[in-house]
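Residues in the sequence shown are numbered from 5 upward in steps of one, following our numbering.
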Amino acid sequence: MSTYKIHPIVMGTKVFDKSMMTYQHGNGEQYTIPIYCWYIEGSEDNDKIILVDTGEMSPIQSEEREKAIGGKIYTFEQGLDQWDLKPEDIDIIIHTHLHNDHCENDYKCINADIYVHEKELARIHDPHALDYRYLEDYIEDVEENGQIKVLSEDREIVSGIKCMHTPVHTDGGMSIIIDTLEGLAVITGFCVVNENFNPPIEIKAMEMEVIPPGTHVNVYESYDIMLKIKEMADILLPLHEPEFASVDTIG
């Protein structure tokens with residue numbers, strides 16, 4: 005069995021109301037989230053260079069934001085260089101979804117196959133008026149180059165890495181399931197933090213086991229999908245959890 009190590013690299017941040025992460029909770033509280041590109045390092049039997057998402061093209065690199073998340077913020081090139089990589093070295097990109105902050109550096113990875121769910125690809129070309137986060141400019145180059153690989157069902161991309169359709173935050177969101185030596189790791193295909201999966205006592209007192217994200221497709225389905233993800237993961241990696249900003253390697 006192929007196993008992997010996961011390296012979270014901060015390639016952007018957002019500062020907004022915490023309720024954007026935690027549905028109907030944290031209103032009025034300013035909150036800073038990291039935006040990750042996850043480098044998935046393979047074992048000897050799989051030497052493909054794999055990324056999950058590619059982050060922001062021009063991240064704000066400030067002491068204030070780095071202090072807020074507890075880690076350093078990199079540009080795409082700086083972040084990859086930490087692992088002696090360059091954009092042209094990337095073989096595979098797997099997208100959790102196509103909101104702009106998750107795909108702005110795709111065009112730099114000229115040799116990569118880029119995996120996207122069909123519903124996400126449809127949405128970026130025809131976004132709903134309520135969702136301003138889709139900007140098709142960021143994927144036009146890779147589409148023209150024939151780099152997009154469209155997924156219509158759950159499937160294994162390479163041995164030990166699977167994609168699971170989880171329409172929580174977006175229609176075509178995909179959670180990435182990765183075999184590691186420490187167990188099954190899941191990078192959520194939706195924008196949440198640890199608190200979404202481990203609510204404070206006042207939320208648990210309402211008999212809620214998880215908190216859906218503030219931006220969601222269907223809040224009831226989101227809740228149920230999150231419970232399923234929480235149960236299956238040995239290592240749970242919420243997509244914007246600040247804790248990982250100071251972590252080099254997981255798994």
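Where a beta carbon is used, it is the ideal one built from N, C-alpha and C, also for glycine.
Look at the Cβ atom of residue i, then the Cβ atom of residue j, and state whether they are nearer than 9 Å.
i      : j      : result
Met236 : Ile181 : yes
Lys166 : Glu157 : no
Ala126 : Ile97  : no
Ser6   : Asn50  : yes
Ile39  : Phe20  : no
Val197 : Glu245 : yes
Ile233 : Thr170 : yes
Glu45  : Ile10  : yes
Met15  : Ile77  : yes
Glu178 : Gly164 : Checking the sequence, you will find Met at residue 178 rather than Glu. No. Outside cutoff.
Ile89  : Tyr119 : It should be pointed out that residue 89 corresponds to Leu in this sequence rather than to Ile. Not in contact: Leu89 and Tyr119 (Cβ atoms no closer than 9 Å).
Val162 : Pro12  : no
Would you mind working out which of the options sits nearest residue i, comparing C-alpha positions?
i      : options                           : result
Gly255 : Lys112, Ile191, Glu213 and Gln151 : Ile191
Leu243 : Asp252, Thr100, Leu89 and His132  : Thr100
Gln28  : His220, Val162, His132 and Thr36  : His220
Asp105 : Glu81, Ser62, Tyr119 and Glu211   : Ser62
Cys41  : Thr79, Glu70 and Asp21            : Thr79
Trp87  : Ala209, Tyr142 and Tyr43          : Tyr43
Leu241 : Tyr224, Ile207, His132 and Phe201 : Phe201
Leu84  : Thr58, Glu68 and Ile64            : Thr58
Tyr227 : Ile239, Asp238 and Met212         : Met212
Tyr111 : Asp130, Pro131, His132 and Gly150 : Gly150
Asp238 : Arg69, Glu186 and Glu70           : Glu186
Gln65  : Thr17, Leu55, Tyr35 and Ser47     : Thr17
Gln34  : Glu92, Arg69 and Val56            : Arg69
Leu55  : Lys71, Glu92 and Glu140           : Glu92
Considering just the uninterrupted stretch of the beta strand (DSSP E) at residue i, what are its terminal residues?
i      : result
Ala189 : Gly187 to Ile191
Lys153 : Ile152 to Leu155
Leu231 : Here Leu231 belongs to no beta strand (DSSP E); instead the alpha helix (DSSP H) covers Val223 to Met236.
Arg137 : From DSSP, Arg137 is part of no beta strand (DSSP E); its letter is neither H nor E.
Glu260 : No answer is possible for residue 260: it lies beyond the span of the chain, which begins at 5 and ends at 255.
Asp183 : Met178 to Thr184
Gly16  : Tyr8 to Asp21
Met168 : Ile165 to His169
Glu160 : Arg159 to Val162
Leu241 : Ile239 to Leu241
Leu89  : Neither: Leu89 is in no beta strand (DSSP E) and is coded neither H nor E.
Ile254 : Per DSSP, Ile254 belongs to no beta strand (DSSP E) and is neither H nor E.
If contacts are defined as beta-carbon pairs under 8 Å, then residue i and residue j qualify, I think. What distance do you get, rounded to the angstrom?
i      : j      : result
Pro253 : Tyr8   : The amino acid at residue 253 is misidentified as Pro; the sequence shows Thr. No, Thr253 and Tyr8 are not in contact; Cβ-Cβ is about 10 Å, not under 8 Å.
His103 : Gly176 : No, His103 and Gly176 are not in contact; Cβ-Cβ is about 11 Å, not under 8 Å.
Gly75  : Ala249 : 3 Å
Leu231 : Val214 : 6 Å
Ile143 : Ile128 : 6 Å
Ile152 : Ile94  : Contact doesn't hold; Cβ gap of about 14 Å is too wide.
Pro217 : Cys195 : 5 Å
Glu108 : Glu60  : 5 Å
Return the first residue and the last residue of the alpha helix (DSSP H) that residue i is part of.
i      : result
Gly83  : Phe80 to Asp85
Ile114 : Where Ile114 is concerned, there is no enclosing alpha helix (DSSP H), given that its DSSP letter is neither H nor E.
Val146 : Asp141 to Glu148
Lys71  : Glu67 to Ile73
His129 : Glu122 to His129
Phe201 : Asn198 to Phe201
Ile3   : Absent from the structure is residue 3, since the part of the chain shown begins at 5 and ends at 255.
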